[in-house]
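One line per chain: the protein sequences are Y and P, in this order. Every position in the first sequence, counted from 1, becomes a number in our numbering once 489 is added. Every position in the second sequence, counted from 1, becomes a number in our numbering once 30 is added. Beneath this line is the structure, given in structure tokens, with notes to follow.
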Amino acid sequence: GIQVEQSPPDLILQEGANSTLRCNFSDSVNNLQWFHQNPWGQLINLFYIPSGTKQNGRLSATTVATERYSLLYISSSQTTDSGVYFCASGNQFYFGTGTSLTVIP
Amino acid sequence: KAGVTQTPRYLIKTRGQQVTLSCSPISGHRSVSWYQQTPGQGLQFLFEYFSETQRNKGNFPGRFSGRQFSNSRSEMNVSTLELGDSALYLCASGRSGQYNEQFFGPGTRLTVL
């Protein structure tokens, strides 16, 4: 199966700071998605981004399919951004191990 | 449009029992996938159903099984529960192609005592 590496595993930010999360894939990226897992466990869709760049408010994502990686940018972070961020891809979703983000006021 | 729903949300069982979890996909979606999330193993794919047929299967023992009905609702069953089956079980729905945007339900948290 596809190996998915997420970095960094943990991130602590001051409110207002910017951050970049990265996913590297061992194989072709077909249907890459970024998720935020809320405290109750639900995976909230952030981006469906097999290639290119998308933006949604303070969040944006870029996938370079030919180089098998994707980046999630969070600007002007807020405490509500805290949680675990996952990327996943593949016809049967292969998930990374997640980045745990803590934003402190 | 209603999202993906899962029932029950919480479940406590004892070792050796069996359990059935249910997932109703987004209206119009025909693919349902199931995932297990544990602190040790992370998020792992169990299986995917499309048009009542299992289309993909992960690396789980035969105690884990599933099915999909003609209305696309899906159930997964775990027989002879073990302590290690305690986990958050998530289902996701997608439209029809092999590569789809996936939408996840709130999950069922299973505790095996």
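Note that beta-carbon positions come from the ideal geometry of N, C-alpha and C, so glycine has one too.
Closer than 8 Å to chain P by CB, residue i
i        : result
LEU532/Y : yes
TYR537/Y : yes
THR586/Y : yes
TRP523/Y : no
ASN545/Y : no
GLN503/Y : no
PHE575/Y : yes
ASN513/Y : no
Bridge-paired residues (DSSP) for residue i
i        : result
LYS543/Y : ALA550/Y
ASN534/Y : PHE524/Y
TYR119/P : GLN66/P, THR138/P
GLU145/P : Any answer about residue 145/P is impossible in this case: the structure gives chain P only from 31 up to 143.
LYS43/P  : VAL142/P
ASP499/Y : SER589/Y
LEU73/P  : GLN67/P
PHE514/Y : VAL493/Y
ARG97/P  : GLU105/P
LEU561/Y : LEU510/Y, ALA550/Y
TYR129/P : DSSP output for TYR129/P lists no bridge partner at all.
GLY124/P : SER61/P
LEU51/P  : MET106/P
GLY572/Y : LEU590/Y
THR35/P  : SER54/P
Cβ pair residue i, residue j closer than 8 Å
i        : j        : result
GLN67/P  : LEU111/P : no
LEU521/Y : CYS576/Y : yes
SER116/P : SER61/P  : no
VAL142/P : THR50/P  : no
GLN492/Y : GLY587/Y : no
TRP523/Y : TYR574/Y : yes
LEU120/P : LEU532/Y : yes
TYR537/Y : GLU131/P : yes
Supposed close pair residue i, residue j - CB separation, criterion 8 Å
i        : j        : result
ARG39/P  : ARG103/P : Their Cβ separation, rounded to whole angstroms, is 16 Å, which puts ARG39/P and ARG103/P out of contact at 8 Å.
SER508/Y : SER566/Y : 6 Å
THR591/Y : SER571/Y : 5 Å
Proximity winner among the options, relative to residue i (alpha-carbon distances)
i        : options                                : result
SER95/P  : SER63/P, GLU131/P, GLN132/P, PHE133/P  : SER63/P
PHE75/P  : TYR562/Y, PRO528/Y, ASN580/Y           : ASN580/Y
THR35/P  : GLU131/P, HIS59/P, SER126/P, LEU73/P   : HIS59/P
MET106/P : GLY72/P, GLU131/P, ARG93/P             : ARG93/P
ALA550/Y : PRO539/Y, TYR562/Y, GLU556/Y           : TYR562/Y
TYR65/P  : ASN101/P, GLY33/P, GLU78/P             : GLU78/P
LEU560/Y : ASN534/Y, VAL518/Y, ILE593/Y, ASN513/Y : ASN513/Y
THR568/Y : ASN534/Y, TYR537/Y, PRO528/Y           : PRO528/Y
Short CB-CB distance (under 8 Å) between residue i and chain Y
i        : result
GLN66/P  : no
GLU82/P  : no
ARG125/P : no
ASN86/P  : yes
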